[in-house]
Amino acid sequence: MPDEYNKLSWQHLSPDQIALGLTTYPDKLLRFRTIWISDIHLGTRGCKAEFLLDFLKHTESEYLYLVGDVVDGWQLRKRWYWPQTHNDVIQKILRRAHKGARVFYIPGNHDEVARPFCNLHFGGVFVTNEIVHETAQGKRLLILHGDQFDMVIGCAQWLAHLGDTAYEALLRINTLLNFIRRKMGFTYWSLSAYLKQKVKNAVKRMSTFEHFIAERASHHNVDGVICGHIHHAEIRVIGNVLYCNDGDWVESCTALVEDFDGNLSLIHWAEQRQQLLHNARDTNSTPSFEQPAPLQRAM
Ligand SMILES: [Mn+2]
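Everything in the sequence shown is counted per the working numbering, starting at 6 for the first residue and increasing by one.
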């Protein structure tokens with residue numbers, strides 16, 4: 006069954022197929038010191054809530070950071086879409102906070118309605134615009150959503166996600182287009198060159214975004230920065246700053262995690278799930294980290 010799950014193109018799974026894949030390894034649990042997730046876009050059809058629920062079911066952490074765009078207020082305002090699974094995601098997160106995990110919520114641009122509630126607690130979830138996390142190695146990481154740097158991104162972002170197949174198809178369309186243009190007496194116009202330029206610009210903008218954020222972090226006297234927003238998971242060093250992006254749960258189903266030694270890594274849940282759970286401990290084994298000490302009562 007695990008192999009079958011791996012072979013499936015998970016973006017086009019039917020609910021039955023999802024159930025098939027996700028019922029494997031019911032008792033396995035991955036433990037981390039910290040988990041960062043963002044760009045969940047609850048309230049949209051694109052949201053991969055089943056995969057996120059599965060991820061939440063099989064993971065545990067002392068700290069959980071929700072790095073923005075958890076709920077897509079823009080889409081919900083246009084058309085109400087709120088299936089049970091989206092409710093379950095919220096419930097699971099709140100339950101974590103209830104069970105003692107330190108949960109932080111950094112609103113993004115799609116859930117900017119939550120921004121006025123910064124510096125307040127809701128059901129054990131602390132809402133904040135920016136926060137610094139200290140890893141087990143003592144590294145200080147600034148966490149923000151990242152839309153503050155939107156002016157450097159522009160609108161042709163989707164072009165950067167075009168795969169090779171799509172690009173090949175465009176080349177063929179271009180040939181056909183110019184055949185017609187020639188017949189009609191027009192001059193050659195390269196659609197592919199035009200789009201290639203657009204893609205190049207989009208990629209350039211993305212890297213400008215990353216550099217902007219890294220720059221910002223270097224002014225904050227921190228070792229690194231963690232953000233979301235551009236739906237592109239990554240860990241890399243820019244200048245003398247560690248740049249981390251936790252990706253999204255619309256396309257890539259990615260999370261950033263910190264282990265108990267303070268090492269950061271990215272998890273591509275759909276691809277790595279089977280392997281990770283195969284190597285994981287059973288749910289019932291002893292926790293690998295100390296629960297926060299209960300409050301001492303003065304005698
Ligand atoms: Mn965003």
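A virtual CB, placed ideally from N, CA and C, is assigned to each residue, including glycine.
Since this is a predicted model, take the numbers as computed values, not measurements.
- In the assembly as shown, residue 154 is a buried residue. Its beta-carbon has 16 or more other beta-carbons within 10 Å.
- Residue 260: member of the beta strand (DSSP E) spanning 259-263, first to last residue.
- Proximity of the stretch 130-142 to the stretch 108-118 meets the contact definition, three or more beta-carbon pairs being nearer than 8 Å.
- According to the DSSP assignment, residue 282 belongs to the alpha helix (DSSP H) that extends over 274-284.
- Under the Cβ criterion (8 Å, minimum of three pairs), the stretch 33-48 counts as touching the stretch 57-75.
- In the DSSP assignment, residue 97 falls within the unbroken alpha helix (DSSP H) covering 89-103.
- Just measuring C-alpha positions, the residue of 262, 279 and 271 sitting nearest residue 37 is 262.
- Scanning 266, 117, 287 and 252 for the CA closest to the CA of residue 57 turns up 252.
- DSSP lists 33 as the bridge partner or partners of residue 287.
- DSSP places residue 56 in the uninterrupted alpha helix (DSSP H) bounded by 54-62.
- In the structure shown, the three-state DSSP call for residue 214 is helix.
- Distance from the Cα of residue 222 is smallest, within the candidate group 238, 94 and 246, for 246.
- Taking 9 Å as the cut-off, the beta carbon of residue 149 is found no closer than this to the beta carbon of residue 235.
- The alpha-carbon of residue 191 is positioned some 51 Å away from that of residue 55.
- The beta strand (DSSP E) runs lying completely inside the stretch 217-254 and spanning 3 residues or more are 229-232, 239-243 and 246-250, given in chain order.
- Distance from the C-beta of residue 245 to the nearest heavy atom of ligand 1 is not below 8 Å.
- Taking residue 257 as reference, the option from 50, 237, 31 and 244 with the minimal CA-CA separation is 237.
- Counting along the chain, no alpha helix (DSSP H) covers residue 50, and no H or E run does either.
- With respect to residue 268, residue 142 sits close: the two C-beta atoms are nearer than 9 Å.
- Bounds of the beta strand (DSSP E) holding residue 145 are 145-148.
- C-alpha of residue 229 to C-alpha of residue 216: approximately 12 Å in a straight line.
- By the rule of a C-beta closer than 5 Å to any heavy atom of ligand 1, the residues picked out are 74, 113, 114, 152 and 234.
- In the DSSP assignment, residue 82 falls within the alpha helix (DSSP H) that extends over 78-83.
- Residue 180 carries a helical assignment under DSSP once its states are collapsed to helix, strand and coil.
- Its Cα nearest to that of residue 254, the residue 272 stands out among 272, 266 and 242.
- With a beta-carbon spacing of about 5 Å, residue 116 and residue 78 fall inside the 8 Å limit used to define contacts.
- Within the same chain, 274 come within 6 Å of residue 60 by CB-CB distance, once the 5 residues on both sides are set aside.
- The alpha carbon of residue 144 has as its nearest neighbour, out of 126, 231 and 53, the alpha carbon of 231.
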